[in-house]
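Working notes, structure below.
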Amino acid sequence: MRHDALVSPRPPSALPQIVAVGFRRIHALLQALAPTFSDKARVTVLDVGFEQAVARIRQLQAQQGVDVVVAAGSNGAYLRQHLDTPVVLVKVGGFDVMQALAQAKRLADRQADHGAAAVGLVTYEGMAPDLSPFGELFGLGLQQRSYRTEDEAVQCVRELREQGVQVVVGPGTVADVADAQGLIGLFLYSPDAVREALDDAVEVARAARIELAKRERLNAILSHLSDGVVAVDLQERVQTLNPTMARWLGITPEQWLGQRLGEVCPPLSLQDTLRLGTESLETIERVHGKTLILSRMPIVEQGVLTGAVISGQDPISIQRVDRHIRTRTKPQASGPRYTLQQFMGDSAPAVALRALAEAAARSQATVLLVGESGTGKELIAQGIHAASDRRELPFVAVNCAAFTETLLESELFGYEDGAFTGARKGGKVGLFEAAHRGTLFLDEIGEMPLALQSRLLRVLQEREVLRVGATEPTPVNVRVVAATHRDLMACVQAGTFRQDLYYRLNILRLEVPPLRARLDDLPRVAEALHARVSARLGLSVVATRPWLQVLLAQAPHHGWPGNVRELENIIERLLVASVLPGQLPDAGTLKRLAPELFDAVPMPVASALRTGQQGQPAAAAAVTRPQPSEGELLKALQAHGGDRQAVARHLGISRTTLWRRLKSMSGG
0 MRHDALVSPR PPSALPQIVA VGFRRIHALL QALAPTFSDK ARVTVLDVGF
50 EQAVARIRQL QAQQGVDVVV AAGSNGAYLR QHLDTPVVLV KVGGFDVMQA
100 LAQAKRLADR QADHGAAAVG LVTYEGMAPD LSPFGELFGL GLQQRSYRTE
150 DEAVQCVREL REQGVQVVVG PGTVADVADA QGLIGLFLYS PDAVREALDD
200 AVEVARAARI ELAKRERLNA ILSHLSDGVV AVDLQERVQT LNPTMARWLG
250 ITPEQWLGQR LGEVCPPLSL QDTLRLGTES LETIERVHGK TLILSRMPIV
300 EQGVLTGAVI SGQDPISIQR VDRHIRTRTK PQASGPRYTL QQFMGDSAPA
350 VALRALAEAA ARSQATVLLV GESGTGKELI AQGIHAASDR RELPFVAVNC
400 AAFTETLLES ELFGYEDGAF TGARKGGKVG LFEAAHRGTL FLDEIGEMPL
450 ALQSRLLRVL QEREVLRVGA TEPTPVNVRV VAATHRDLMA CVQAGTFRQD
500 LYYRLNILRL EVPPLRARLD DLPRVAEALH ARVSARLGLS VVATRPWLQV
550 LLAQAPHHGW PGNVRELENI IERLLVASVL PGQLPDAGTL KRLAPELFDA
600 VPMPVASALR TGQQGQPAAA AAVTRPQPSE GELLKALQAH GGDRQAVARH
650 LGISRTTLWR RLKSMSGG
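Residues in the sequence shown are numbered consecutively from 0, following numbering that gives the first Met the number 0.
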């Protein structure tokens, strides 16, 4: 493959452009045969040679393009050395040689005064094939010589004349020299040889045009790639270098074309790829001060290694595309995975919660789910959505504690094109817009920054979203379900949560009971979790059931501060250990693997927030905690404006206990 074929300065004409070069005798043959190829190619015949021919062909290349050059002898060899355009040589066949020698013999005999006359044969670059049998058969007395330059041709003819040769056969240059020295010069090339060379030139031009079309199409594709590409041949000479790679390297493609890649840029060397024939993918390397992700691959055509290619990617561009995808792609609104029936349990708190959630599903009002971590608040949220008339529409969830204030703002409300430095072109759809006509679940709403609480309040009031950087709001129809493990009223008192937002959220309030408040449901919940974890770990439910039984024996004595999530974690811990040798499903092993189940104080004070409200069973109510002092009671009463229910909740005691403490303080 010639590297100059990578650049096509002009569109090719309809017919192949062939330049036939020759002077004197071969020029006449070319002129006579050129018109017979008018339907196949446009043949231009030049009556010049060597340097003049090179200059004229380059001029024609720039003007009209040249596909193939046809020439003979030393002229053809010279053109091959000085042109990148394919050169087809006029070749002399054995029949042409014998025919010319036979004619030469007849002429020589006529010139001889008596006896047989010798015949001379002068060829370019090497003797003709062994003609001894032919010469002996016809008594030619054949004398052979060969030449490389015109001066050598003159010397060869002079030697033959000195040896008495009267007729010399050879190319046009030799024949002319022989005539000039008083001998008979016979032209070696026949019309058939010239015609065959022109036919070959047409075929070469056709194949070259097909190859050029393929290459131009490939180059057009490569020029539009964001990846940088360099292709080399078996000698590691650069054949293709696309604009992207050239731009990264600070060069023009023409600077490297035809040069060895390992010499002009050692970090990009493909020598190992060519030597081993193996690929090397996605290596990170520094090239000319730029970090690139490079992949090297051999080029194999029809089972034969013909070269290699290296492609590079800019890590910054990859990161930009990744951000672009995440920015422009509409957030996936997943359908609900859970229904209300999956909140298992036949206890009074569980039955009451499902009934209240089903009633909430029939309403369009905002729902506030209150409960400790791990109780299943998101399950209830998805269940409400699945039971509502929005069930076929998006359910979008976001954890308000998982983002910084700036990120949470863009996630919830989206932003316009160019809203801030680094904003992606086209802007971003916020989660409120993504959840349009569906349900938006705001988990950990108590962690939302105050600045965003005011924006959320406006969305809930006006039912429209103003993207960051936008001037016109976008109407949205979204049902909001919020969840928190915090006492939002206490947060309001502390100034960390807006009171107006609290009342906007606290329309349909559902308290998700902790696991210790419904211990009667624990066996059923544990059975379901055991089956799910066993399937995930690929274990037999029957084989691991003894571990579940030993856990259930201890479960009523634990306060379960982590609730259902804690129960699932401990079940998975036990099932993972069950496959280890020496582990027995007994109380001793259980205490070693899950010591928290045997702690004297199984749950912190903060997790007992609703103990008095949920009717905790006696087994779980045996959690000891310090009683508030009179000062703490008075301070809490003042902070909550005398609201005894809020005071009891704040102090983690029941209203009955609070009433007894206040009665004892008043002396009554």
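From the three backbone atoms N, C-alpha and C, an ideal C-beta is built for every residue, glycine too.
Quiz item: Can you tell me where the beta strand (DSSP E) with GLU443 in it begins and where it stops?
Solution: Start at 1 with the first residue of the sequence shown, and residue 443 comes out as number 444. No beta strand (DSSP E) contains GLU443, which DSSP labels as neither H nor E.
Quiz item: So VAL532 is in the alpha helix (DSSP H); what residue range does that whole segment cover?
Solution: Taking the first residue of the sequence shown as position 1, residue 532 is located at position 533. Taken as a continuous stretch (DSSP letters only), the alpha helix (DSSP H) holding VAL532 covers 521 to 536.
Practice problem: Could you tell me which residues DSSP pairs with GLY344 in its beta bridges? | Solution: To locate residue 344, count along the sequence shown from 1; it is residue 345. The partner list for GLY344 (beta bridge, DSSP) is empty, contrary to what the question assumes.
Practice problem: Measuring alpha carbon to alpha carbon, tell me which of ASP150, LEU14, GLN80 ends up nearest GLY64. | Solution: Reading the sequence shown from its first residue, position 65 is the one you call residue 64. When only C-alpha atoms are compared, the closest one is LEU14.
Quiz item: Buried or exposed: which applies to ASP66, given that a residue is buried once 16 or more other Cβ atoms fall within 10 Å of its Cβ?
Solution: Position 67 of the sequence shown, counted from the start, is the residue given in the question as residue 66. Result: buried.
Quiz item: Just to confirm, are GLY532 and PRO584 a CB contact at a threshold of 7 Å?
Solution: Numbered from its first residue, the sequence shown carries residue 532 at position 533. Numbered from its first residue, the sequence shown carries residue 584 at position 585. In the sequence as displayed, the identity of residue 532 is Val instead of Gly. Not in contact: VAL532 and PRO584 (Cβ atoms no closer than 7 Å).
Self-check item: Which of helix, strand or coil DSSP assigns to VAL397
Solution: On the sequence shown, residue 397 is found 398 positions in, with the first residue counted as 1. VAL397: strand per DSSP, three-state reduction.
Quiz item: How long is the line joining the alpha carbons of LYS427 and TYR414, rounded to whole angstroms?
Solution: Position 428 of the sequence shown holds residue 427. Position 415 of the sequence shown holds residue 414. If I take the Cα positions, the gap works out to 5 Å.
Practice problem: Could you tell me how far apart the beta carbons of ALA433 and VAL395 are, in whole angstroms, since I believe they sit closer than 8 Å? | Solution: The count along the sequence shown starts at 1 and reaches residue 433 at position 434. The count along the sequence shown starts at 1 and reaches residue 395 at position 396. About 5 Å separates the two Cβ atoms, so the contact holds.
Quiz item: What is the DSSP secondary structure of ILE652, reduced to helix, strand or coil?
Solution: Here the question's residue 652 lines up with position 653 in the sequence shown. Three-state result, ILE652: coil.
Exercise. Pull up the distance between the alpha-carbon of ALA534 and that of LEU339, whole angstroms please.
Key: On the sequence shown, residue 534 is found 535 positions in, with the first residue counted as 1. On the sequence shown, residue 339 is found 340 positions in, with the first residue counted as 1. Computed Cα separation, rounded: 23 Å.
Exercise. Determine, using beta-carbon pairs with one atom in the stretch 499 to 513 and one in the stretch 362 to 370, whether at least three such pairs fall under 8 Å.
Key: yes
Quiz item: Could you check where the beta strand (DSSP E) with LYS90 kicks off and where it finishes?
Solution: The residue you call residue 90 lines up with position 91 of the sequence shown. Segment: none, LYS90 is in no beta strand (DSSP E) and carries neither H nor E.
Exercise. Below 6 Å CB to CB, which residues in the same chain sit around ALA349 once its five sequence neighbours on both sides are set aside?
Key: Counted from its first residue, the sequence shown places residue 349 at position 350. Taken in chain order, the residues that qualify are ARG517, ASP520.
Self-check item: Cβ shell of PHE496 (< 6 Å), same chain only, five flanking positions each side left out
Solution: Position 497 of the sequence shown, counted from the first residue, corresponds to residue 496. These residues qualify, in order along the chain: LEU487, CYS490.
Quiz prompt | GLY561, buried or exposed, once every other Cβ within 10 Å from all chains shown has been counted against 16 | solution = Here residue 561 is taken as the residue at index 562 of the sequence shown, counted from 1. With 16 or more other Cβ atoms within 10 Å, it is buried.
Quiz item: Does at least one heavy atom of the ligand HEM sit under 6 Å from the Cβ of ALA61?
Solution: Ligands in the displayed structure: none, and consequently the ligand HEM is not present.
Practice problem: Measure the CB-CB distance between TYR439 and VAL475 and report whether it falls below 7 Å. | Solution: Against the sequence shown, residue 439 aligns to sequence position 440. Against the sequence shown, residue 475 aligns to sequence position 476. Per the sequence presented here, residue 439 reads as Leu, with Tyr not at that position. No, they are not a contact pair.
Exercise. Can you grab the Cα-Cα spacing for the pair THR122 / PRO170, in whole Å?
Key: Here the question's residue 122 lines up with position 123 in the sequence shown. Here the question's residue 170 lines up with position 171 in the sequence shown. Whole-angstrom Cα-Cα distance: 7 Å.
Practice problem: Determine the closest residue to ALA70 out of GLN62, ASP199, VAL176, ASP175, with distance taken between C-alpha atoms. | Solution: To locate residue 70, count along the sequence shown from 1; it is residue 71. Per the Cα distances, ASP199.
Exercise. Under the assumption that ILE56 contacts VAL18 (Cβ atoms under 8 Å), give the Cβ distance between them as a whole number of angstroms.
Key: Numbered from 1 along the sequence shown, position 57 holds the residue referred to as residue 56. Numbered from 1 along the sequence shown, position 19 holds the residue referred to as residue 18. Yes, ILE56 and VAL18 are in contact; Cβ-Cβ is about 6 Å, under 8 Å.
Exercise. To the nearest angstrom, report how far apart ALA450 and ASP499 are at their CA atoms.
Key: Taking the sequence shown and counting its residues from 1, the one referred to as residue 450 is at position 451. Taking the sequence shown and counting its residues from 1, the one referred to as residue 499 is at position 500. For ALA450 and ASP499, the distance between alpha carbons rounds to 13 Å.
Self-check item: Through-space distance from ARG515 to ARG327, alpha-carbon basis
Solution: For the purposes of this step, residue 327 is identified with residue 328 of the sequence shown, where counting begins at 1. For the purposes of this step, residue 515 is identified with residue 516 of the sequence shown, where counting begins at 1. With a pLDDT of 49 at ARG327, under the threshold of 50, the modelled position of that residue is not reliable, and the figure given next carries that caveat. Looking at the two C-alpha atoms, the distance is approximately 45 Å.
Exercise. Give a yes or no on whether the C-beta atoms belonging to PRO393 and GLY437 are separated by under 7 Å.
Key: Along the sequence shown, one-based indexing puts residue 393 at 394. Along the sequence shown, one-based indexing puts residue 437 at 438. In this structure, GLY437 lies closer than 7 Å to PRO393 by Cβ.
Practice problem: Decide if the stretch 219 to 232 is in contact with the stretch 46 to 62; the criterion is three or more beta carbon pairs, one per stretch, under 8 Å apart. | Solution: no
Quiz prompt | Segments of 3+ residues assigned as beta strand (DSSP E) that fall wholly inside the stretch 211 to 289 | solution = 227 to 232, 237 to 240, 279 to 286
Quiz prompt | Through-space distance from LEU632 to GLY640, alpha-carbon basis | solution = Taking the sequence shown and counting its residues from 1, one reaches residue 640 at position 641. Taking the sequence shown and counting its residues from 1, one reaches residue 632 at position 633. Their Cα atoms are separated by approximately 12 Å.
Exercise. Using only alpha-carbon positions, find the residue among LEU566, VAL193, GLU629 that is nearest to THR374.
Key: For the purposes of this step, residue 374 is identified with residue 375 of the sequence shown, where counting begins at 1. Answer by Cα proximity: LEU566.
Quiz prompt | Residues that DSSP places opposite ALA358 in a beta bridge | solution = Locating residue 358 in the sequence shown gives position 359, counting from the first residue. Note: ALA358 sits in no beta bridge, so no partner.
Practice problem: Check whether the Cβ atoms of GLY261 and LEU304 sit closer than 7 Å, and answer yes or no. | Solution: Walking along the sequence shown from the start, residue 261 turns up at place 262. Walking along the sequence shown from the start, residue 304 turns up at place 305. No, they are not a contact pair.
Quiz item: Is it the case that the Cβ atoms of ALA117 and GLY140 are separated by a distance below 7 Å?
Solution: The residue labelled residue 117 in the question sits at position 118 within the sequence shown. The residue labelled residue 140 in the question sits at position 141 within the sequence shown. Contact: yes.
Self-check item: ILE569 - DSSP class collapsed to helix/strand/coil
Solution: Here residue 569 is taken as the residue at index 570 of the sequence shown, counted from 1. Helix, per DSSP.
Exercise. Give the DSSP-derived three-state secondary structure of THR543 in the structure shown.
Key: Position 544 of the sequence shown, counting from 1, holds the residue named residue 543. Helix.
Quiz item: In this structure, does DSSP put ARG503 in helix, strand or coil?
Solution: Start at 1 with the first residue of the sequence shown, and residue 503 comes out as number 504. The answer is helix: DSSP assigns ARG503 an H, G or I state.
Quiz item: Skipping 5 residues on each side, what residues in its chain have a beta carbon closer than 7 Å to that of THR282?
Solution: Taking the first residue of the sequence shown as 1, we reach residue 282 at position 283. Excluding positions up to five away in sequence, the list reads LEU293.
Quiz item: Below 7 Å between beta carbons: does that hold for PHE22 and LEU197?
Solution: Residue 22 sits at position 23 when you count from the first residue of the sequence shown. Residue 197 sits at position 198 when you count from the first residue of the sequence shown. No, these two residues do not count as a Cβ contact at 7 Å.
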